[in-house]
Each structure stands twice: as C-alpha cells, then as structure tokens.
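Number of protein chains: 2
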Amino acid sequence: MLRPGERVLVAVSGGKDSLALWDLLVALGYDADGLYLGLGIGDYSDHSGDAARSYAGERGRKLHEVDLAADYGYDIPGAAAATHRAPCGACGLSKRHLFNRVAIERGYDVVATGHNLDDEAAVLLGNVMRWEAGYLGRQHPVLPATLGFARKVKPLIRLGEREMAAYCVLEGIDYIVEECPMAAGNRHLGYKEVLNALEERSPGTKAAFVFGFLDRAQPHFAGAALEERETLGECAVCGSPTTGEVCAFCRLRERASDA
Amino acid sequence: MLRPGERVLVAVSGGKDSLALWDLLVALGYDADGLYLGLGIGDYSDHSGDAARSYAGERGRKLHEVDLAADYGYDIPGAAAATHRAPCGACGLSKRHLFNRVAIERGYDVVATGHNLDDEAAVLLGNVMRWEAGYLGRQHPVLPATLGFARKVKPLIRLGEREMAAYCVLEGIDYIVEECPMAAGNRHLGYKEVLNALEERSPGTKAAFVFGFLDRAQPHFAGAALEERETLGECAVCGSPTTGEVCAFCRLRERASDA
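Sequence order for the protein chains is W and A. For reference, each letter of the first sequence is one residue, going 43 to 301 in our numbering. For reference, each letter of the second sequence is one residue, going 43 to 301 in our numbering.
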C-alpha cells in the first residue's frame, strides 16, 4: 500500500475512521497530510470541519481544505436538488474527483481513505446485488496510479467500525459521532443493516465476504476495469481523465452551480 | 432447457413449486414423470408424500419413489445425528445423488427441479457471501449432461414463490404448505429474509441479482467448474462420478446407516 518516504494525502471527514487513519499513519512514520472537503451540509459540515481542524491543530498536522461552495460554486444539498438524484451520488463523485485532483496538483504519491471492513462489505454487497462489473473490477484496497490518477489505498479494510471507534477513544481523538443527515435511509445503510444481521448469525461473515471476493472473484473483473482506465481521454474543461468530452464532475458542477 | 420428445424426470417434493412445474410441463406437452424421495422426516414426510401421490393419482401421472430408509438404510434425521452436521447438507446431497441416479438408470434425458427465483437468489447470496467459486460455476438454470450426469434444468427460475402458490391455487393443485421442520433457522432461510427486506426497499432486486449474475459473472466461474467435472473418476462403491475414491453419497450412507 505505502512505501517509506512517500507523501500520503489522507481524505479526512472528521469521523472516527479518517482521523484514526491519519493518526496511525503518522504514528507509523509516514509523511501524511489531511484534506478536508466542505460539503455544505449545514450543522453536520460545521461540526465535522471543526473536528478535522481541531485534530490537525492540536497535533500540529497539515490540513488542506477545499470548500465546494466557495471554490466550485455549489454544495451537496444544491447538487441533489439540481440533479433530482440522491445526494450521496453527487457527494461521492465530488470526493473522488477532488481528492484525486488535490493529490495530483500538490504532488502526493497516494490518497489514503478510511474505508473500514463494514464500509467495504456494504459497498461490495451493493455492487454484487446489481453485478456492476466495472465497480467490482475497481473495488480493491490498492488501486495503482495510472495517467491522471494518483494511487489509492484503504489501509483500514481489515478493521471493523467498532474497532475504529475504540481506537479513537483510547487515543483521545475527538471525532464527529453524528452520521450525515443526508445519508439517512440510503441503500448503503440498508446493506450495512443486512450485513449486521448476517454477521450476528454467523460471525466472520463480512470478512469472508470481502476477502473471499478479493481472493477468488475480483481478479475476474479487474482486467476490463484496468483496460477502460487506459482508454480514457481528457476532460475538455478540467483535464481530468474521462470517458466522455466533459468529465462527470464538471457536468455536475455546471448543473449544480447554475441552479 | 427442453426439446420436444425428451423424457423429463421432475424432482417432486409435494410442495407448490415441484407440483406446479410437473403440471406445467405436462400441459406444455412434455413426457414428464415424477420422482419422490422419502426423507423420513416424520409427519412432514408423510404429508408431502401424500400430496405427491394424490396429485399423480388424480391426474394419472407416473410417480417413481425412492425411500431413503427402506432403500438405503438411513433417513435425514439419522444422517444429521451421525454426521453432527446440519440436516440440510445431508438432504441436499441425497437428493442431488438420487435424482441423478434414477434419471440415468431409467433413461431420462433431463432432471427438472422446481427452484424458483426466491430459491435461486437465496442460494446465490449464500454462495456469494463465501465466494464459493465451484458452486458459482455450477449455478446455472441449465447444466449440460456430462459423463455420469443427466442434464439438469430449472424452468421456474424467473417466477417468484408467490406466483407459484397462486398457480397452484388457480389450478386446484393440493400441495403441502408446511415447511420442512428441519430447515427452521437454517442459513438459506436467513438469506431469504435478507433478500425479502432488500426487495421490499427496492423491487426488482432479486431478479437483477440472479440475472445480472448469469449475464456478467457466472461465465467467469463456469470454466473451472466444467473442467473439474471432466476430471472426475468413478465411485468405487456405486460408480457415480466423484473427485475421491468413494463418492460423498456413499460415504454419507455408510456413516448414517451404521449409526
């Protein structure tokens, strides 16, 4: 995932996973800075930004900030309204695009995200229920760098949600406990509930599901996904890799900032 | 799945799916006989056998019968006790072996089973949760005949449980409504509950899951499973295809009939 001396950009939400990840990487001797994205989701965004900033300030770490409204002219509630789609789609798209862009522009070798085992299992279940071959091919804890993409790693993939919360308590890390209000009732949380029920009946279910996938199924889907990555062109607006003329982020921004 | 003039052996449990399947195949002009397996599960087996026999008798259809206790010296509760495993494993193994054996010995071209969309989705979810590559490679509504194996088809795979029950009511087919008492609390029923919850949130989930699998994932797993089938030897006891010296059915029979 990471080599000594590499510059790591940690995607920091202010929640337990991303702050614990940042803490662990620094403790392990990595040169790791944070990036916080202001999503404009009312009190939730205010509190999560405070948690990220106070962690960085207290421990003397460097935190980059991008604010969707100030820097790109839209926020997540506005994007959801403009696109008439669930807000989580616009949010995920914005995060993926901007974490990657900041990493490339500022010379980081790798983007590290705090996805834990519970997150990965829920995303995998969603991808499997619809057999999204492209997403399955890209679901891996290490995505190598390709033209226009920084390397992406998920170091916490073997650890559960409760382990991350316990780590924060033991290390005295103040994180934002409240969940994003716009995520309430979304599919991802439904998949988490289903997996929690299966895990309770049969402990070890989530780990067997995620690691069995990586071992015996993901390689079948990886080839097509990598090939697609290598045929991407450049967005006419921002230069990011895209399958079309203008990338999905710029199209979202155009639509949402007009609204 | 089926060609005109072929001899079809329908695996009949006495439940709604298998009786509806038999009824449909005869109505469509196929030469379809039934095979009922006496599992020795108390009242449940008595009632399911009665349902199968009375359907066959009333409609003048030919029903073969195999009784595990009388013909093979064990029953399912005894097999579960002898193997210290869940009864459903011994039951599934016995059914697969004997449906195939009777079809081969009596010159049927194909075995048809009443698995519906709900069944297939639950089996698929179980196979996917553990990424059982071999089972995923064999999970298909049409398994072609190979040396020692009759062709196997699942004609009801597009229809739901409630549709099969409705068909039986409309056609006046008396089926056994009670569920197998030995299956209560098993994993398969847990997967059905989970899928029912997902289907309720998002109708079409089960169909997208099963048919997306067949379209975009099953082919990745099919090759290895077919190759394995072609390297099988013959069971030293009964001559059935097996990876070992003695097939799993004969080993189960040996263990369970000693007990």
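Beta carbons: idealized from backbone N, C-alpha and C, even for Gly.
Residue i: contacting residues in chain A (beta-carbon distance under 7 Å)
{"i": "His-262 (chain W)", "result": "His-262"}
Reduced DSSP category for residue i - H, G, I as helix; E, B as strand; rest coil
{"i": "Arg-103 (chain A)", "result": "coil"}
{"i": "Asp-75 (chain A)", "result": "strand"}
{"i": "Ala-154 (chain A)", "result": "strand"}
{"i": "Leu-189 (chain W)", "result": "coil"}
{"i": "Gly-275 (chain A)", "result": "strand"}
{"i": "Thr-247 (chain W)", "result": "helix"}
{"i": "Phe-234 (chain W)", "result": "Checking the sequence shown, residue 234 (chain W) turns out to be Lys, not Phe. Helix."}
{"i": "Thr-284 (chain A)", "result": "strand"}
{"i": "Arg-204 (chain A)", "result": "helix"}
{"i": "Leu-61 (chain W)", "result": "helix"}
{"i": "Arg-45 (chain A)", "result": "coil"}
{"i": "Gly-80 (chain A)", "result": "strand"}
{"i": "Leu-70 (chain A)", "result": "coil"}
{"i": "Val-211 (chain A)", "result": "helix"}
{"i": "Ala-53 (chain A)", "result": "strand"}
{"i": "Val-219 (chain W)", "result": "coil"}
{"i": "Asp-117 (chain W)", "result": "coil"}
Chain D within 8 Å of residue i, Cβ atoms only
{"i": "Gly-47 (chain A)", "result": "Absent from the structure is chain D; the protein chains it does hold are W and A."}
Partner residues on chain W for residue i, Cβ-Cβ distance less than 7 Å
{"i": "Val-236 (chain A)", "result": "Val-236, Ala-239 and Leu-240"}
Closer than 9 Å at the beta carbon, the chain A residues around residue i
{"i": "Gly-251 (chain W)", "result": "It should be pointed out that residue 251 (chain W) corresponds to Phe in this sequence rather than to Gly. Residues of chain A passing the Cβ test: Val-170, Met-171, Arg-172 and Trp-173."}
{"i": "Gly-232 (chain W)", "result": "Ala-239, Leu-240, Arg-243 and Ser-244"}
{"i": "Thr-247 (chain W)", "result": "Met-171 and Arg-172"}
Candidates the options: closest to residue i by CA position
{"i": "Pro-245 (chain W)", "options": "A:Arg-229, A:Lys-234 and A:Glu-287", "result": "A:Arg-229"}
{"i": "Glu-220 (chain W)", "options": "W:Trp-173, W:Glu-48, W:Leu-79 and W:Ile-83", "result": "W:Ile-83"}
{"i": "Cys-222 (chain W)", "options": "W:Ile-118, W:Leu-167, W:Arg-49 and W:Arg-103", "result": "W:Ile-118"}
{"i": "Arg-49 (chain A)", "options": "A:Val-144, A:Tyr-233 and A:Asp-151", "result": "A:Asp-151"}
{"i": "Ala-74 (chain A)", "options": "A:Glu-203, A:Thr-285, A:Tyr-177 and A:Val-54", "result": "A:Val-54"}
{"i": "Thr-285 (chain W)", "options": "W:Gly-190, W:Val-252 and W:Ala-298", "result": "W:Gly-190"}
{"i": "Arg-138 (chain A)", "options": "A:Arg-297, A:Val-288, A:Ser-282 and A:Glu-270", "result": "A:Ser-282"}
{"i": "Tyr-78 (chain A)", "options": "A:Ala-98, A:Tyr-72, A:Leu-67 and A:Ala-69", "result": "A:Ala-98"}
{"i": "Leu-167 (chain A)", "options": "W:Lys-248, W:Tyr-116, W:Ala-132 and W:Ala-121", "result": "W:Lys-248"}
{"i": "Arg-258 (chain A)", "options": "W:Tyr-177, W:Ala-94, W:Leu-44 and W:Val-153", "result": "W:Tyr-177"}
{"i": "Tyr-384 (chain A)", "options": "A:Gly-91, A:Gly-179, A:Ala-187 and A:Val-288", "result": "Because chain A is modelled from 43 through 301, residue 384 (chain A) falls outside the range shown and cannot be assessed."}
{"i": "Met-224 (chain A)", "options": "A:Asp-161, A:Arg-193, A:Val-184 and A:Cys-130", "result": "A:Cys-130"}
{"i": "Val-170 (chain A)", "options": "W:Leu-256, W:Gly-47 and W:Leu-274", "result": "W:Leu-256"}
{"i": "Gly-232 (chain A)", "options": "A:Pro-46, A:Ala-164, A:Lys-196 and A:Tyr-72", "result": "A:Ala-164"}
{"i": "Phe-253 (chain A)", "options": "A:Asp-160, A:Thr-188, A:Ser-136 and A:Arg-101", "result": "A:Asp-160"}
{"i": "Pro-46 (chain A)", "options": "A:Ala-62, A:Leu-67, A:Val-52 and A:Arg-127", "result": "A:Leu-67"}
{"i": "Val-184 (chain A)", "options": "A:Val-195, A:Ala-175 and A:Glu-174", "result": "A:Val-195"}
{"i": "Val-279 (chain A)", "options": "A:Leu-268, A:Ala-267 and A:Arg-295", "result": "A:Arg-295"}
{"i": "Asp-109 (chain A)", "options": "A:Glu-287, A:Leu-140 and A:Glu-100", "result": "A:Leu-140"}
{"i": "Arg-180 (chain A)", "options": "A:Glu-107, A:Tyr-116, A:Leu-81 and A:His-262", "result": "A:His-262"}
{"i": "Glu-100 (chain W)", "options": "W:Asp-65, W:Gly-115 and W:Glu-174", "result": "W:Asp-65"}
{"i": "Ala-112 (chain A)", "options": "A:Glu-272, A:Gly-80, A:Arg-95 and A:Ser-87", "result": "A:Gly-80"}
Within chain W, partners of residue i - CB distance below 9 Å
{"i": "Phe-255 (chain A)", "result": "Val-170 and Trp-173"}
{"i": "Ala-259 (chain A)", "result": "Val-170, Trp-173, Ala-175, Leu-178, Ala-259, His-262 and Phe-263"}
Review point. Listed in chain order, which residues of the segment 170-183 of chain W have Cβ atoms closer than 9 Å to some Cβ of chain A?
Key: Val-170, Met-171, Arg-172, Trp-173, Glu-174, Ala-175 and Leu-178
**Study point:** Members of the segment 129-152 of chain W near chain A, C-beta cut-off 8 Å
**Key:** none
Point to revise | Residue ranges of each beta strand (DSSP E) within the segment 122-178 of chain A, 3 or longer | key: 152-154
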